[in-house]
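2 protein chains.
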Amino acid sequence: MNIYDIAKEAGVSIATVSRVMNDSPKVSEKTKKKVKEIIERSEYTPNIFAQGLGLNTMHTIGVLVPRISDAYMSSVVAFLEEYLHDKGYGCILGCSGYSRAEKEAHVSMMLSKHIDALILVGSTYAGTGTIEEETDYIRKAASKTPVFLINGLVNGENVYCTASNDYQAAYDVTIKLIENGRRRIAFLTDSHSYSANQKRMGYETALTYSNIPIDKALQLFVKNDIYQARDLLLSRPDHSFDSVFATDDGLAVGAVKYAGEKGLRIPEDMEIVGYNNSSLCICSNPELTSVDNCISKVCSDTVERLLKVLDKKEGVSAHNIVGCSIARRNTTSF
Amino acid sequence: MNIYDIAKEAGVSIATVSRVMNDSPKVSEKTKKKVKEIIERSEYTPNIFAQGLGLNTMHTIGVLVPRISDAYMSSVVAFLEEYLHDKGYGCILGCSGYSRAEKEAHVSMMLSKHIDALILVGSTYAGTGTIEEETDYIRKAASKTPVFLINGLVNGENVYCTASNDYQAAYDVTIKLIENGRRRIAFLTDSHSYSANQKRMGYETALTYSNIPIDKALQLFVKNDIYQARDLLLSRPDHSFDSVFATDDGLAVGAVKYAGEKGLRIPEDMEIVGYNNSSLCICSNPELTSVDNCISKVCSDTVERLLKVLDKKEGVSAHNIVGCSIARRNTTSF
DNA sequence: ACTCATAATGAAACCTCTTACATTTTCACT
DNA sequence: AGTGAAAATGTAAGAGGTTTCATTATGAGT
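Residue numbers (our numbering), protein chains in the order written: chain A, 1 to 334; chain B, 1 to 334.
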């Protein structure tokens with residue numbers, strides 16, 4: 001069943017059928033109605049390949065995340081898919097893991113599928129090699145299709161970034177903890193990403209601003225795993241920290257488990273703040289205070305900017321920042 | 001940059017270039033080497049649309065889930081994407097929600113993108129209308145492309161199902177609780193899906209087998225939300241149940257919160273079992289005993305069967321069952 | 001050197017759509 | 001009725017691959 005069959009049955013040329021399919025104004029109402037009826041009846045759908053060959057688009061966006069089973073990432077994908085689908089775009093998903101090689105492999109696979117744009121979520125930097133090396137594949141991809149980063153920052157032609165204001169949020173959280181009398185705030189992270197660095201800078205700035213010396217021994221790096229986070233904290237000397245600011249809710253849950261193990265009361269003896277305000281927060285006991293980095297807004301902004309770029313509209317800025325808020329629950333006393 | 005450019009530069013015909021691209025044996029080593037070099041150097045990739053037009057495939061599989069932000073679903077998608085990517089297939093993701101109309105819309109969008117097969121995850125039945133009505137869109141889709149259900153059951157030409165043995169697992173869990181002296185086991189679910197019904201049947205069979213009357217008042221239905229599950233349990237009379245078997249970890253966490261609210265000790269006063277063995281289990285406090293429905297195996301089986309079907313191999317059975325196990329943690333005393 | 005089977009290559013058809021341009025139809029106005 | 005502009009429709013040329021079939025090149029066996 002192709003456009004010729006429809007044309008023959010309707011007694012018109014294929015050009016007319018094509019015009020009807022694309023809602024062109026230069027077809028008489030009478031013809032339009034007749035052709036539409038036949039299209040309807042025979043459940044004809046145009047061949048996407050032939051269409052793509054002509055139009056050079058398939059209305060598909062590539063979405064690449066490091067790990068979809070992560071609560072934060074899956075939320076991001078959920079929003080992106082929803083917004084894109086609303087606008088008639090399909091979503092090719094890739095889960096790359098954190099290695100550069102895997103990311104590159106996924107990106108080139110997506111490019112070969114002729115996506116209209118590429119969205120990269122988080123983790124643009126794996127911590128091996130220089131930033132330039134690490135992000136070169138992004139600029140390379142951007143030479144073929146517009147690239148949109150979510151919570152990442154890369155400068156380059158055709159690269160657009162949308163991020164939550166992690167610097168500010170981290171600063172705010174740290175100040176809150178200091179106001180609560182905390183002086184030895186552990187900074188717990190699992191990433192060298194742009195976001196993680198922003199958080200670290202906000203944290204350090206707040207300490208400096210409050211005349212608290214920065215103690216690098218309080219900045220802990222661990223794989224994103226609840227038990228590993230717990231064990232790392234357990235390996236630290238008792239009382240070496242009085243609160244934990246984690247760059248991810250999973251790590252914060254690890255801190256909760258640490259406190260349980262040590263018999264520390266939360267939040268009296270140990271305050272804990274997570275990040276992403278994910279589903280883990282209310283699953284945790286006590287429920288976790290966390291930074292709400294407003295995924296929904298970040299995603300809707302990204303899609304909005306993406307559509308503008310595809311529309312060849314001018315004036316889409318390279319960078320875009322979205323504010324965060326703090327979701328207060330029971331692991332802090334603010 | 002197209003096949004003609006390569007052909008011209010190499011001084012061969014486009015047919016030869018095409019053969020080189022597809023690793024055809026009927027090209028001399030010398031020519032192959034020369035052409036490959038030029039392809040490499042000019043970073044030529046064949047146009048997917050032209051290729052699709054000829055081959056009628058884009059090596060893309062549609063994956064439709066109701067809710068990707070669900071820990072279980074995102075795990076399933078993670079495995080599917082990994083296995084499919086390994087085999088050179090891309091993944092078009094759709095998040096449909098639970099309504100039939102949305103599912104149909106997503107399926108037809110995917111079909112219009114010319115997927116090679118469609119994988120539907122869970123929830124084939126939304127509870128409105130008869131099973132036949134609810135699943136008709138699946139058979140319709142199956143007339144255009146092979147359909148693979150994960151933890152769903154629909155009979156039809158070109159429909160292949162892979163499911164975990166939820167009936168058996170539910171039976172086993174219920175027997176364990178009974179062996180622990182529980183007599184009033186609440187069955188908490190959020191779905192009318194095939195899986196949920198299998199679990200219910202296993203639960204009821206175990207009760208009957210143990211000469212415990214089935215009390216419909218103990219079978220509770222609630223939206224998949226931790227707080228709603230907690231509140232529903234709080235609304236029941238005290239001591240009306242002594243344990244909870246939930247068909248999803250989120251609901252089980254709701255039960256944990258209920259017990260906390262009521263001051264019940266877990267597992268002494270209240271045993272709780274979840275389902276899916278998701279990341280919520282270790283996040284919960286106490287950590288949740290849960291049925292491990294072996295997502296990895298279900299997904300690898302699905303992909304394996306899918307590849308066989310695409311390969312036109314015979315003998316792919318319509319149904320395939322994978323065994324479950326119980327991940328014992330701290331909300332039960334077995 | 002001459003066959004002849006086989007390997008290597010090329011020409012052209014085909015896949016199904018979009019669209020620029022050409023042609024035909026319509027119809028208001030004289 | 002005749003004219004001419006505007007509207008409707010059709011023709012044919014791409015878009016960029018794959019593949020069949022025909023043709024040419026190769027080289028082993030005599």
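Glycine included, every Cβ here is placed at the ideal spot set by N, Cα and C.
For the 8 angstroms CB-CB criterion, arginine 183 of chain B and aspartate 242 of chain B form a contact. With the rule of 3 Cβ pairs closer than 8 angstroms, the stretch 320-329 of chain A counts as touching the stretch 168-177 of chain A.
Residue environment: glutamate 314 of chain A is assigned as exposed (fewer than 16 neighbouring CB atoms within 10 Å of its CB, all protein chains considered).
The continuous beta strand (DSSP E) containing cysteine 95 of chain A extends over residues 90-95. Beta-bridge partners assigned by DSSP to valine 316 of chain A: none are found. By alpha-carbon distance to aspartate 172 of chain A, the top candidate from A/Leu64, A/Ser290, A/Gly156 is A/Ser290. Per DSSP, aspartate 292 of chain A is one residue of the beta strand (DSSP E) stretching across 289-292. With a cutoff of 8 angstroms on beta-carbon distance, alanine 170 of chain A and valine 244 of chain A are scored as not near each other. DSSP, read as helix, strand or coil, puts isoleucine 6 of chain B in helix. Rounded to whole angstroms, asparagine 2 of chain A and glutamine 51 of chain B show a C-alpha spacing of 18 angstroms. DSSP places glycine 274 of chain B in the strand class (E or B) of the three-state scheme.
Spanning the alpha carbons of valine 121 of chain B and isoleucine 272 of chain B requires a straight line of approximately 26 angstroms. If you check each beta-carbon in the stretch 101-133 of chain B against every beta-carbon of chain A, the ones closer than 9 angstroms belong to Ala105, His106, Ser108, Met109, Met110, Leu111, Ser112, Lys113, His114.
In this structure, isoleucine 282 of chain B keeps its C-beta atom at 8 angstroms or more from the C-beta atom of isoleucine 282 of chain A.
Non-local C-beta neighbours of cysteine 161 of chain A in its own chain, meaning closer than 6 angstroms and more than five positions away in sequence, comprise Leu149, Leu153, His319, ordered along the chain. Between the C-alpha atoms of proline 286 of chain B and alanine 255 of chain A there is a straight-line separation of about 15 angstroms.
Setting aside the 5 residues that flank it on each side, glutamate 157 of chain A is surrounded in the same chain by Arg139, Ala142, Ser143, each with a C-beta closer than 8 angstroms to its C-beta; the list follows chain order. Residue pairing from DSSP leaves tyrosine 171 of chain A without any beta-bridge partner.
Interface annotation, isoleucine 226 of chain B: in contact with chain A, CB-CB separation under 8 angstroms. Segment contact: the stretch 262-279 of chain B against the stretch 68-77 of chain B, three or more CB-CB distances shorter than 8 angstroms; contact assigned. Against chain A, the CB of valine 303 of chain B has no partner CB under 8 angstroms away; the residue lies outside that interface. Under the 8 angstroms Cβ criterion, the stretch 1-19 of chain A counts as touching the stretch 38-49 of chain A, having at least three qualifying pairs.
Between glycine 62 of chain A and the set A/Glu37, A/Ile266, A/Tyr89, the nearest pair of CA atoms involves A/Tyr89. Here DSSP, grouped into helix, strand and coil, assigns isoleucine 212 of chain A to coil.
Contact note: serine 284 of chain A reaches chain B through Cys283, Ser284, Asn285, using a C-beta cutoff of 9 angstroms and chain order. Boundaries for threonine 130 of chain A: no alpha helix (DSSP H) harbours it, and the DSSP string shows neither H nor E there.
Using a CB distance below 8 angstroms, the part of the stretch 257-276 of chain A facing chain B consists of Lys257, Gly260, ordered along the chain. Three or more pairs of CB atoms, one per stretch, sit closer than 8 angstroms, so the stretch 80-96 of chain B contacts the stretch 295-305 of chain B. In the three-state scheme derived from DSSP, where H, G and I count as helix and E and B as strand, tyrosine 98 of chain B is classed as coil. DSSP, read as helix, strand or coil, puts leucine 310 of chain A in helix.
Threonine 205 of chain B has a beta carbon lying at 8 angstroms or more from every beta carbon in chain A. Remark: C-beta atoms of lysine 34 of chain B and alanine 15 of chain B do not approach each other more closely than 8 angstroms. For valine 253 of chain A, same chain residues with a beta-carbon under 6 angstroms away, outside a window of 5 residues either side, are Ile226, Leu280, Ser284 in chain order. By the neighbour-count definition (other C-beta atoms within 10 Å, threshold 16), histidine 239 of chain B is an exposed residue. Phenylalanine 79 of chain B: member of the alpha helix (DSSP H) spanning 71-86, first to last residue. A straight line joining the alpha-carbon of valine 65 of chain B with that of isoleucine 295 of chain B spans about 14 angstroms.
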